[in-house]
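For the sequence shown, the positions run -4 to 158 when this note's numbering is used.
Okay, so here's the structure we're looking at.
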Amino acid sequence: MIVLLGMPGCGKSTLAQALAVETGVPWYDTDACLQDQHGNVLGPRPGPEQWRRFRELEHALIRDLAQEPAGCLSLGGGAWQSAETRRVLLARHICIYLRCDLDELAERLKHGGRVMFAGGDIRQQLIGLLQQREPEYRLAHHTVDITNRHSTDLLALLHCLRG
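Laid out in structure tokens, this is it:
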């Protein structure tokens, strides 16, 4: 399985779906699967308890999906922060960090209506998230910089997989 990870707004879901179509394998999106299976766990203004429950459900889902022999999996932006999730995925699958410039992420997200960015300066929130998450993102097998690339441009990603 190919696992795409990275910051919110970097294009994980879009690229995983396009790659799945290109290669003829199933596509899985952890956020969409969680929504389908459990509804809106986070609610409009999630607190620590909602985030804790969300992460528990997310890890259980990823553990189950990790058993699939083939597919393209797009992780929610924070899923990779779990050491157990990283261990499960790194051991069996090709994990790719989709790196994207901070300004481009902010531009992509400013009209997105994402719960985690409700209120406040999106760019400043992204700076904090990136500082927190990037060390773990860099543990992926590969990094592909998708800054200034069209979301359907799979060339860099496919080149990375051919390795």
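Glycine residues also receive a C-beta, built at the ideal position from the N, C-alpha and C atoms.
Beta carbon of residue i nearer than 7 Å to that of residue j
i, j, result
"Pro21", "Gly71", "no"
"Ile(-3)", "Ile57", "no"
"Ala101", "Leu121", "yes"
"Ile91", "Leu104", "no"
"Leu68", "Tyr23", "yes"
"Gly6", "Ile141", "yes"
"Leu10", "Leu(-1)", "yes"
"Val36", "Arg47", "no"
Proximity winner among the options, relative to residue i (alpha-carbon distances)
i, options, result
"Glu131", "Leu85, Leu100, Asp140 and Asp98", "Leu85"
"Trp75", "Arg87, Glu63, Glu53 and Asp59", "Glu53"
"Arg144", "Asp96, Arg87 and Arg48", "Asp96"
"His33", "Pro64, Arg50, Arg40 and Thr18", "Arg50"
"Pro3", "Leu124, Leu60, Val139 and Trp46", "Leu124"
"Leu29", "Ile91, Gly42 and Leu60", "Leu60"
"Arg133", "Asp98, Arg81 and Thr142", "Arg81"
"Thr25", "Ala55, Leu14 and Val16", "Ala55"
"Gln126", "Arg87, Leu14, Gly73 and Ala15", "Gly73"
"Pro64", "Gly42, Pro43, Arg87 and Ala78", "Arg87"
Counterpart residues of residue i in DSSP-defined beta bridges
i, result
"Leu(-1)", "Ser69 and Ile91"
Unbroken beta strand (DSSP E) run spanning residue i, endpoints
i, result
"His137", "His137 to Asp140"
For this session: Would you list, in sequence order, the uninterrupted beta strand (DSSP E) runs of no fewer than 3 residues that lie entirely inside the region 43 to 126?
Result: Runs found: 67 to 69 and 89 to 94.
For this session: Any chance you could list the beta strand (DSSP E) runs of at least 3 consecutive residues sitting entirely within the region 4 to 28, in chain order?
Result: You should have 22 to 24.
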